Each structure stands twice: as C-alpha cells, then as structure tokens.
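Input: a single structure, listed below in structure tokens.
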Amino acid sequence: MGRPRGRRRRGARALALPRQPLLRHARRSRPALRPQLRVGLSLPAALKVKTRRAFVVFLVSASLAALASCGRVGRQTVLSVPPSTTLDNDIYLAEEGGRIRALRPDGSEQWSYSLAEDLERLSGQPSRDIRIDYLAARSGGRVFGLATRLSGRQNGVSILFALDGSKLLWERDVPFPAQGVAPIAIGHDAVYEAGDDGVLYAYAREDGRPLWQYRVSEAAIGQPTVGGDGTIYVTGPRQNLHAIAPDGSQRWVAGTQK
1 MGRPRGRRRR GARALALPRQ PLLRHARRSR PALRPQLRVG LSLPAALKVK TRRAFVVFLV
61 SASLAALASC GRVGRQTVLS VPPSTTLDND IYLAEEGGRI RALRPDGSEQ WSYSLAEDLE
121 RLSGQPSRDI RIDYLAARSG GRVFGLATRL SGRQNGVSIL FALDGSKLLW ERDVPFPAQG
181 VAPIAIGHDA VYEAGDDGVL YAYAREDGRP LWQYRVSEAA IGQPTVGGDG TIYVTGPRQN
241 LHAIAPDGSQ RWVAGTQK
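Per the working numbering, residue 1 is the first one in the sequence shown, and the count goes up by one each step.
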C-alpha cells in the first residue's frame with residue numbers, strides 16, 4: 001500500500017547562506033534587528049546592519065558568519081575590512097568611503113576620522129573615493145593601514161598611513177601590496193609591507209620615510225611577521241622562509257624539504 005496522502009506538517013526550515021556569488025540575504029529577528037548580508041566574490045564581504053539597540057559586526061569568510069555585539073551605535077554601517085583590536089580592548093573599524101571609527105570595549109564611540117577628507121585637504125585634489133584595505137592597531141591609539149584610491153589620476157594607487165588617535169601622522173604612496181594575505185606588519189621602529197612585486201619594504205614608524213628594501217623573489221610574497229627580537233620573517237612563492245634583520249640584512253634562508 002502506498003503512503004496515505006494528507007496535509008503535510010510544516011516544520012522549521014533550516015537557514016543557510018545562499019549559494020549565489022552575488023546577492024543579498026535578509027532575515028528579520030528581534031529586537032528590531034534587520035541585517036542585510038552582501039556576499040560577493042571577493043573577501044571580506046560587506047554587511048549592512050540597522051538596529052535601534054545595538055551595533056552588530058558580521059565577518060564573512062566563505063559561507064561562515066561570525067557575530068559580535070559592539071554596543072550602541074544606532075546607525076547604518078558598511079565595513080570595508082575586518083575590525084582591528086588592541087591589548088587595550090579598543091576596536092577600530094574601517095567603513096566604506098575611507099572613514100575610521102574607534103570604539104571602546106562597551107561599544108561607545110571614542111572618535112571618528114575621515115582619511116578621504118584629510119587626503120583631499122592635503123593634496124587639494126578630490127579624494128572622496130578611498131577604500132581602506134587593511135588596519136593594524138596598536139595600544140595607545142596608534143593605527144596603521146593601507147588604502148587604495150579608486151578614481152582620478154591616481155586611481156589604483158596604494159597609500160600607507162599612520163594615525164595617532166584621530167590625527168593623521170603621515171601618509172605616503174607605496175607599491176601595490178601582496179594580495180590574499182595581511183600585507184603589513186608593525187615592528188618596534190618600522191612598518192613592513194609585503195609588495196606584490198616580491199619585495200619587502202620597510203618604512204619608519206614615526207614619519208613613514210623609506211628605510212630599506214629586501215627582495216624575496218620575483219613574484220608575490222607571503223605575510224610578514226615580526227619576532228620578539230625584531231627579526232622579520234616572510235616566505236617566498238616556493239615556501240622558502242627568509243629571516244631579515246631590522247636593518248634589512250639577511251640573517252638566513254630556510255628552504256623546504258622535498
């Protein structure tokens with residue numbers, strides 16, 4: 001005998017992120033939280049969140065979403081990169097349009113700063129189309145980052161910058177950074193950038209002046225890391241590990257074993 005036909009019971013549906021490469025996914029929840037998740041082909045994905053009670057940060061990697069509550073803000077925000085935190089428990093956010101905001105551990109805002117407006121003031125040229133690509137915060141309110149100009153004669157130019165709180169310390173044009181990794185590392189006296197051209201660049205932490213260059217390979221290199229003694233470690237395209245002294249000299253190179 002076949003199974004009797006009847007009205008099917010409606011059960012709960014499992015929620016899953018859509019599989020389409022570019023879409024919007026929205027779901028209502030309480031209290032008054034209406035997120036709109038925009039998942040694209042490039043990471044990190046951006047998320048718009050509007051809520052009357054809390055500011056919510058979503059980070060998306062492939063089909064995984066992580067949620068962190070950061071207190072009361074009560075306005076719509078689109079993040080361009082993942083937040084950066086410090087040992088002081090301060091949180092730094094980079095928004096679309098080149099704005100950086102600092103939050104206290106309870107989510108209240110310390111300050112808000114527009115890199116786009118400062119660059120426009122310094123150069124006298126329109127700089128509204130700025131995308132912040134990476135943030136690295138340190139205790140005491142120091143923030144270092146990479147940004148890209150998206151329009152004008154300098155379209156595509158990469159900018160390395162440093163903030164002391166909401167004050168711009170310095171900024172300079174730098175080579176295009178390596179993609180798919182955290183491209184900068186912060187040392188005691190220098191900021192190190194992994195270039196897409198296979199070169200590790202060092203800039204003075206206090207004023208951004210170039211210090212030295214170290215060629216790792218002819219292709220893009222990996223994420224730089226700074227050890228406790230100031231040694232910088234970076235990998236080449238064949239996974240050979242380079243150890244570089246703070247003055248830019250080579251300490252050693254370790255190749256991979258086959």
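Beta carbons are placed, not taken as given, at the ideal position from N, Cα and C, and that holds for glycine.
Computed from a prediction, not measured in an experiment: that's the story for all the values here.
**OP:** Just the C-alpha distance for S84 and P237, rounded to the nearest angstrom, thanks.
**Re:** Rounded to whole angstroms, S84 to P237 spans 27 Å at the Cα level.
Subject >> Pairwise C-alpha distance: T148 and P105 >> reply: Here the alpha carbon of P105 sits roughly 29 Å from the alpha carbon of T148.
**OP:** Have a look at S114 and D196 and give me their C-alpha separation to the nearest angstrom.
**Re:** If you take the alpha carbons of S114 and D196, they lie about 27 Å apart.
Original post:
With a Cβ-Cβ cutoff of 8 Å, do L146 and P183 count as a contact?
Top reply: Yes, these two residues count as a Cβ contact at 8 Å.
Original post:
Looking at C-alpha atoms only, which residue of A243, Q213, L169 is the closest neighbour of D207?
Top reply: The candidate whose alpha carbon is nearest that of D207 is L169.
**OP:** Starting from R121, trace the alpha helix (DSSP H) both ways and give me its first and last residue.
**Re:** Taken as a continuous stretch (DSSP letters only), the alpha helix (DSSP H) holding R121 covers 115 to 123.
Subject >> As assigned by DSSP and simplified to three states, the class of Q36 >> reply: Because the pLDDT at Q36 is just 38, under 50, the model does not fix this residue reliably, and the value given afterwards should be weighed accordingly. It is a strand residue.
Subject >> Outcome for W252 when other beta-carbon atoms lying within 10 angstroms are tallied against a minimum of 16 >> reply: With a threshold of 16 other beta carbon atoms within 10 Å, W252 falls short and is exposed.
Subject >> Burial state of L264, where buried means 16 or more other Cβ atoms lie within 10 Å >> reply: Past the boundaries of the shown model lies residue 264; the chain is included only from 1 to 258, so the question cannot be answered.
Subject >> Three-way DSSP call (helix, strand, coil) for G98 in this model >> reply: Of the three classes helix, strand and coil, the one that applies to G98 here is coil, per DSSP.
**OP:** Would you kindly check if the distance between the Cβ of R142 and the Cβ of D164 is under 8 Å?
**Re:** For the 8 Å CB-CB criterion, D164 and R142 form a contact.
**OP:** Pick helix, strand or coil for Q239, following the three-state DSSP scheme.
**Re:** Three-state result, Q239: coil.
Subject >> DSSP three-state assignment for S80, whether helix, strand or coil >> reply: Coil at S80, not helix or strand.
Original post:
Whose CA, out of G97, N89, Y203, lies closest to the CA of L79?
Top reply: Checked all of G97, N89, Y203; the closest Cα to L79 is G97.
**OP:** Tell whether a beta-carbon distance below 8 Å holds between A209 and V199.
**Re:** Sequence check: residue 209 is Arg here, not Ala. Not closer than 8 Å, so no.
**OP:** May I have the straight-line CA-CA distance separating T86 from G152, to the nearest angstrom?
**Re:** Taking the straight line joining both Cα atoms gives about 35 Å.
Original post:
Do T235 and A243 have their C-beta atoms within less than 8 Å of each other?
Top reply: No.
Subject >> Continuous beta strand (DSSP E) stretch holding E171: start and end >> reply: Counting along the chain, E171 sits inside the beta strand (DSSP E) bounded by residues 167 to 174.
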